[in-house]
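Notes follow the structure.
2 protein chains.
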Amino acid sequence: MGALESVLIDGAWRPSIDPQGSFRASDPARAEPIGPHFPVSGPADVEAAVQAAARVAAELAATPAARIAGFLEAYADAIAADGDALVALAHAETALPVEPRLRSGELPRTVDQLRQAARAVRNHAWTDPVIDSKAGLRTHRAPLGKPVLVFGPNNFPFAFNAVAGSDFASALAARNPVIAKAHPLHAATCQRLATLAHRALLASGLPAAAVQMLYRFDSATGLKLAGDARLGAIGFTGGRHGGLALKAAADKAGVPFYAELSSVNPVFLLPGALAQHGGEALAQEFFASCTMGSGQFCTNPGVVIVPTDAAAGRAFLDAAVALFEAGAPKILFSRDGQHGVERAVATLREAGAQVLAGGDPGAGEGFRYRPTLLGVDAADFLRNAAALQTEAFGPVSLVVRTSGLADRVAVAAAFEGNLTGTMYRADDGGDDAAWQAIAAELRPRVGRLIASKMPTGVAVSPAMNHGGPFPATGHPSFTAVGMPAAIHRFTALHCHDGVPDALLPVELRNRNPGGVQRLVDGQWSTADIG
Amino acid sequence: MGALESVLIDGAWRPSIDPQGSFRASDPARAEPIGPHFPVSGPADVEAAVQAAARVAAELAATPAARIAGFLEAYADAIAADGDALVALAHAETALPVEPRLRSGELPRTVDQLRQAARAVRNHAWTDPVIDSKAGLRTHRAPLGKPVLVFGPNNFPFAFNAVAGSDFASALAARNPVIAKAHPLHAATCQRLATLAHRALLASGLPAAAVQMLYRFDSATGLKLAGDARLGAIGFTGGRHGGLALKAAADKAGVPFYAELSSVNPVFLLPGALAQHGGEALAQEFFASCTMGSGQFCTNPGVVIVPTDAAAGRAFLDAAVALFEAGAPKILFSRDGQHGVERAVATLREAGAQVLAGGDPGAGEGFRYRPTLLGVDAADFLRNAAALQTEAFGPVSLVVRTSGLADRVAVAAAFEGNLTGTMYRADDGGDDAAWQAIAAELRPRVGRLIASKMPTGVAVSPAMNHGGPFPATGHPSFTAVGMPAAIHRFTALHCHDGVPDALLPVELRNRNPGGVQRLVDGQWSTADIG
Numbered sequence: 000m001g002a003l004e005s006v007l008i009d010g011a012w013r014p015s016i017d018p019q020g021s022f023r024a025s026d027p028a029r030a031e032p033i034g035p036h037f038p039v040s041g042p043a044d045v046e047a048a049v050q051a052a053a054r055v056a057a058e059l060a061a062t063p064a065a066r067i068a069g070f071l072e073a074y075a076d077a078i079a080a081d082g083d084a085l086v087a088l089a090h091a092e093t094a095l096p097v098e099p100r101l102r103s104g105e106l107p108r109t110v111d112q113l114r115q116a117a118r119a120v121r122n123h124a125w126t127d128p129v130i131d132s133k134a135g136l137r138t139h140r141a142p143l144g145k146p147v148l149v150f151g152p153n154n155f156p157f158a159f160n161a162v163a164g165s166d167f168a169s170a171l172a173a174r175n176p177v178i179a180k181a182h183p184l185h186a187a188t189c190q191r192l193a194t195l196a197h198r199a200l201l202a203s204g205l206p207a208a209a210v211q212m213l214y215r216f217d218s219a220t221g222l223k224l225a226g227d228a229r230l231g232a233i234g235f236t237g238g239r240h241g242g243l244a245l246k247a248a249a250d251k252a253g254v255p256f257y258a259e260l261s262s263v264n265p266v267f268l269l270p271g272a273l274a275q276h277g278g279e280a281l282a283q284e285f286f287a288s289c290t291m292g293s294g295q296f297c298t299n300p301g302v303v304i305v306p307t308d309a310a311a312g313r314a315f316l317d318a319a320v321a322l323f324e325a326g327a328p329k330i331l332f333s334r335d336g337q338h339g340v341e342r343a344v345a346t347l348r349e350a351g352a353q354v355l356a357g358g359d360p361g362a363g364e365g366f367r368y369r370p371t372l373l374g375v376d377a378a379d380f381l382r383n384a385a386a387l388q389t390e391a392f393g394p395v396s397l398v399v400r401t402s403g404l405a406d407r408v409a410v411a412a413a414f415e416g417n418l419t420g421t422m423y424r425a426d427d428g429g430d431d432a433a434w435q436a437i438a439a440e441l442r443p444r445v446g447r448l449i450a451s452k453m454p455t456g457v458a459v460s461p462a463m464n465h466g467g468p469f470p471a472t473g474h475p476s477f478t479a480v481g482m483p484a485a486i487h488r489f490t491a492l493h494c495h496d497g498v499p500d501a502l503l504p505v506e507l508r509n510r511n512p513g514g515v516q517r518l519v520d521g522q523w524s525t526a527d528i529g
Numbered sequence: 000m001g002a003l004e005s006v007l008i009d010g011a012w013r014p015s016i017d018p019q020g021s022f023r024a025s026d027p028a029r030a031e032p033i034g035p036h037f038p039v040s041g042p043a044d045v046e047a048a049v050q051a052a053a054r055v056a057a058e059l060a061a062t063p064a065a066r067i068a069g070f071l072e073a074y075a076d077a078i079a080a081d082g083d084a085l086v087a088l089a090h091a092e093t094a095l096p097v098e099p100r101l102r103s104g105e106l107p108r109t110v111d112q113l114r115q116a117a118r119a120v121r122n123h124a125w126t127d128p129v130i131d132s133k134a135g136l137r138t139h140r141a142p143l144g145k146p147v148l149v150f151g152p153n154n155f156p157f158a159f160n161a162v163a164g165s166d167f168a169s170a171l172a173a174r175n176p177v178i179a180k181a182h183p184l185h186a187a188t189c190q191r192l193a194t195l196a197h198r199a200l201l202a203s204g205l206p207a208a209a210v211q212m213l214y215r216f217d218s219a220t221g222l223k224l225a226g227d228a229r230l231g232a233i234g235f236t237g238g239r240h241g242g243l244a245l246k247a248a249a250d251k252a253g254v255p256f257y258a259e260l261s262s263v264n265p266v267f268l269l270p271g272a273l274a275q276h277g278g279e280a281l282a283q284e285f286f287a288s289c290t291m292g293s294g295q296f297c298t299n300p301g302v303v304i305v306p307t308d309a310a311a312g313r314a315f316l317d318a319a320v321a322l323f324e325a326g327a328p329k330i331l332f333s334r335d336g337q338h339g340v341e342r343a344v345a346t347l348r349e350a351g352a353q354v355l356a357g358g359d360p361g362a363g364e365g366f367r368y369r370p371t372l373l374g375v376d377a378a379d380f381l382r383n384a385a386a387l388q389t390e391a392f393g394p395v396s397l398v399v400r401t402s403g404l405a406d407r408v409a410v411a412a413a414f415e416g417n418l419t420g421t422m423y424r425a426d427d428g429g430d431d432a433a434w435q436a437i438a439a440e441l442r443p444r445v446g447r448l449i450a451s452k453m454p455t456g457v458a459v460s461p462a463m464n465h466g467g468p469f470p471a472t473g474h475p476s477f478t479a480v481g482m483p484a485a486i487h488r489f490t491a492l493h494c495h496d497g498v499p500d501a502l503l504p505v506e507l508r509n510r511n512p513g514g515v516q517r518l519v520d521g522q523w524s525t526a527d528i529g
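For the protein sequence lines, the chains are A and B, in the order given.
Residue numbering for the first sequence follows numbering that gives the first Met the number 0, beginning at 0 and increasing consecutively.
Residue numbering for the second sequence follows numbering that gives the first Met the number 0, beginning at 0 and increasing consecutively.
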């Protein structure tokens with residue numbers, strides 16, 4: 000197989016012990032392989048990584064908060080300093096635009112996310128201390144004491160990268176070792192990030208095996224690893240099919256599996272909002288959101304519910320069809336991705352949707368698909384709602400034509416769990432009765448309910464919920480984005496009962512020199528006790 | 000099958016639609032059936048209950064907090080007022096002592112737990128509002144919008160009862176309908192509690208199907224129900240074998256499964272503590288804890304790690320053997336329970352443990368087992384640690400004889416996930432180096448780390464963690480006891496993005512007349528916004 004790049008195991012870059020093959024990344028715009036040859040790891044690499052991570056878990060759990068925060072900040076600084084090279088690599092491997100997406104959007108977001116995690120570490124905000132001084136009970140969130148396995152997705156080379164994104168930052172903030180599974184479609188970007196992480200790790204004095212990275216392994220090896228009880232938790236961002244298989248393996252071993260899977264993110268355009276803004280303006284907003292990043296977003300507006308009983312609804316639809324029809328083909332990450340979109344569109348058509356615009360890859364080189372709009376009447380949608388919620392991971396959306404509020408409410412009630420649900424409402428409140436009727440069904444089916452804007456933006460805020468009911472995720476009460484909440488996924492609840500002060504973790508002691516926010520005998524306080 | 004008692008479905012007591020058989024409770028002290036004949040429900044009862052609960056889920060989710068709290072308080076009052084009759088029934092069905100256990104312990108605890116849940120409802124403490132006013136993001140915990148299925152255990156007729164205990168109170172507090180699966184061993188106690196719950200429900204104006212109860216169904220029906228995606232979550236307290244089977248079904252359907260399963264609750268006696276208190280005194284404390292409730296506690300001290308390299312350790316062991324040997328047989332809940340203990344003791348013996356005292360049911364009527372102490376050397380424990388952690392759900396414990404700290408640390412490292420872990424330490428700090436060495440291994444393996452007292456007490460406090468790593472529970476970051484934390488299990492995270500004030504849930508609006516504690520732009524506050 001010639002010279003293969005090294006993997007990061009047990010504190011060092013070293014050749015794969017048992018490579019099962021090799022692969023290269025591709026330039027999506029030309030459909031040509033680029034960059035070096037990376038190894039497909041076998042069971043020996045995986046076992047070495049798990050053993051090394053398990054070996055340092057206790058040491059990492061006992062590491063002072065300042066040192067963890069120092070690592071996260073140093074790594075954030077290193078990414079920021081290396082921004083030009085990282086952006087160039089990620090652009091070459093993903094074809095995502097340099098501006099504004101990679102340089103002004105995703106890279107600073109990733110740096111900021113690491114810094115937010117560092118702040119949550121420094122102020123202990125993620126530890127949620129609760130103290131009952133009379134009963135002698137003191138509880139907080141603590142490290143799992145076991146490695147966290149992170150699977151990064153194909154669509155965010157920085158912000159959700161297994162070795163730099165939200166899961167990574169969250170797991171490390173809670174002082175758990177991370178075994179990162181890179182995404183092979185941007186392997187060189189992962190390699191460069193991991194190199195920076197590794198250097199920052201050594202400089203910060205954390206255990207060298209606290210961050211490891213493998214590029215790729217086959218699905219049997221992945222399933223065996225996901226079911227390894229030596230793991231403390233798994234973070235996964237990716238497609239539903241592979242995600243649910245890994246979840247089943249993890250569930251059986253009792254390993255919490257935090258999945259962010261597919262979502263079609265229904266968008267309801269209410270009649271008053273259409274009248275206020277005009278169908279054309281909303282169609283432009285919709286088209287821009289649906290085709291941004293070539294539609295390869297987990298919060299892409301995949302289903303739009305349009306009141307075609309209103310003139311502005313029909314105008315929206317006409318304008319949307321024209322925009323999609325005129326749009327140039329969008330570059331997708333991979334040949335597999337293109338085939339996936341083709342299969343999804345075929346599934347939607349077989350389920351009764353009509354192609355209104357696009358519907359094929361279009362001409363030209365590279366992995367691509369034309370902006371595509373499909374349409375279906377509400378009654379047909381309701382007859383075949385499961386198949387018509389098939390996610391097409393690309394610049395594709397399905398319009399559901401509805402007539403009357405009852406139609407819209409029925410469609411809302413047919414959705415499975417999603418990350419987001421959106422309603423465009425009139426500013427004057429004229430849609431609010433409809434809002435409330437639809438929200439009664441939509442609200443419990445989505446993690447984030449959005450008013451009057453497209454769902455694609457996901458702010459990194461403590462008040463964000465990037466999560467939602469199954470099957471959008473594996474659990475309805477966790478978020479993958481937003482510090483410190485995202486950290487909670489990788490924690491264990493630890494109660495200390497009658498334990499003397501000197502033997503308590505710092506944030507549970509009587510003296511509180513760090514001014515940690517604590518719930519003490521029912522009152523929030525940053526003060527010392529007694 | 001003659002006259003069968005009614006089941007509580009869809010707001011009314013009514014005959015089972017499709018009884019598959021019938022059963023009666025037993026008097027454990029005489030091994031004789033007592034009380035009326037109850038139905039074993041079939042699929043039609045189960046389906047009717049799920050449909051009714053799903054139908055009222057949205058109405059219940061929209062019910063004002065005060066009305067939910069009113070129900071919980073009215074129900075608490077009704078239980079308190081009916082205490083004598085409830086205690087008499089529970090005593091007859093379980094043989095648990097009236098005093099202090101049932102009348103002065105478990106009944107008031109249950110009443111108080113419902114009132115604590117009501118307080119968390121009135122002050123919205125369980126909703127954890129987080130507001131980012133600049134980003135327009137407002138997130139809180141909300142009802143699941145789906146029914147919660149609760150399986151009650153055999154060992155707490157009140158405090159963990161499916162229709163009165165912590166899971167019930169938690170699920171209702173979060174405004175989710177409850178389908179209670181009674182425990183057949185105290186069916187009449189469940190019936191009486193459900194009657195009180197149903198009356199309080201109607202008086203409070205909650206949807207009549209918000210609380211339903213079935214007595215029993217076969218395991219195939221139970222597995223099908225646990226895998227029903229119409230459920231929002233499942234609370235289960237019980238044995239590992241059945242619990243893991245239900246968990247697998249729930250996991251597959253994406254239904255969060257909160258299990259509290261078996262636990263052996265290791266207790267380490269450190270040399271300084273033994274020297275301080277004397278082996279005899281600690282042996283008495285241990286014997287009392289191990290035989291309380293006939294040892295049928297999830298926090299029963301099932302494994303005790305003794306430094307037999309110390310004279311006081313040997314004195315402890317001698318005294319413990321004498322106490323267990325002299326102890327009268329203890330009454331167990333059922334013939335199955337007795338057989339389960341017999342099997343567990345056989346498993347422990349086959350795995351290398353020696354019987355030091357007891358080891359058989361003893362003479363006399365009723366379901367029973369003698370206080371039983373087994374022993375094993377550390378090296379043998381380590382050789383066969385999995386089998387030697389078999390839980391015997393009765394007055395049975397295993398002593399592990401250790402010599403030197405390294406032995407003790409190695410034994411700590413061999414434990415799987417447990418609810419509790421205990422170390423007895425000397426007040427003068429002489430054991431603290433040993434504490435820290437053992438805690439490094441024990442802490443990540445237990446939910447509650449206890450100093451110098453037996454683990455059987457579980458206070459209902461916001462700072463309690465009655466949970467722990469798999470396989471003690473299904474998830475390391477949730478607690479089954481302690482308000483408001485226990486409520487979090489039955490919530491979904493709901494973000495509102497750009498939603499106008501009037502359309503927000505009350506605790507997320509700008510005005511905060513209830514003085515709800517909220518994290519607003521990084522600061523805890525009970526004030527209005529803006």
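Even for Gly, the Cβ is constructed at its ideal location relative to N, Cα and C.
On a predicted model such as this, the values are computed, not experimentally measured, just so you know.
Asked, Found
"Residues that H240(B) contacts on chain A, provided the C-beta gap is smaller than 9 Å", "None at all; the shortest Cβ gap to chain A is about 14 Å."
"Short-range partners of chain A found in the stretch 115-134 of chain B, where Cβ spacing is below 8 Å", "V129, I130, D131, A134"
"Chain B within 7 Å of I8(A), Cβ atoms only", "no"
"Residue ranges of each beta strand (DSSP E) within the stretch 191-244 of chain B, 3 or longer", "210-213, 232-236"
"Close beta carbons around T188(B), own chain, < 7 Å, minus the five adjacent residues each side", "L85, L88, A89, E92, P156"
"Cβ-heavy atom distance, P499(A) to the ligand MG, below 6 Å", "The ligand MG is not among the ligands present in this structure, which contains no ligands whatsoever."
"8 Å contact criterion, which V149(B) and A179(B) should meet: CB distance rounded", "5 Å"
"Neighbour flag for M482(B) against chain A, beta carbons, 7 Å", "no"
"Within-7 Å CB hit, A57(A) to chain B", "yes"
"Distance CB(A172(B))-CB(A252(B)) smaller than 7 Å", "no"
"Any C-beta of chain A under 7 Å from that of I233(B)", "no"
"Within 7 Å, strictly: CB atoms of Y257(B) and R54(B)", "no"
"Residue closest to A280(A), alpha-carbon to alpha-carbon, out of C297(A), P255(A), A321(A), S261(A)", "A321(A)"
"Test: W523(B) CB closer than 7 Å to a CB of chain A", "yes"
"Residue(s) in a DSSP beta bridge with L397(A)", "V302(A), L373(A)"
"Members of the stretch 283-310 of chain A that neighbour chain B once the beta carbon cut-off is set at 7 Å", "none"
"Assigned secondary structure, P504(A) (DSSP; H/G/I helix, E/B strand, else coil)", "coil"
"Alpha-carbon spacing of A248(A) relative to D131(A), whole angstroms", "38 Å"
"Positions along the stretch 37-71 of chain B whose CB lies within less than 9 Å of some CB in chain A", "A56, A57, A60, A61"
"N- and C-terminal bounds of the alpha helix (DSSP H) containing V177(B)", "Segment 177-180 is the beta strand (DSSP E) holding V177(B); no alpha helix (DSSP H) there."
"Proximity winner among G41(A), L373(A), F380(A), relative to A391(A) (alpha-carbon distances)", "L373(A)"
"R137(B) versus S40(B) - alpha carbon distance", "44 Å"
"Reduced DSSP secondary structure (H/G/I, E/B, other) of R424(A)", "coil"
"Contact the stretch 311-325 of chain A vs the stretch 261-270 of chain A: 3+ CB pairs below 8 Å", "yes"
"Candidates A43(B), V480(B), R174(B), F167(B): closest to T62(B) by CA position", "R174(B)"
"Pick from D227(B), F285(B), V177(B), V110(B) that is closest to N299(B), judged by C-alpha positions", "F285(B)"
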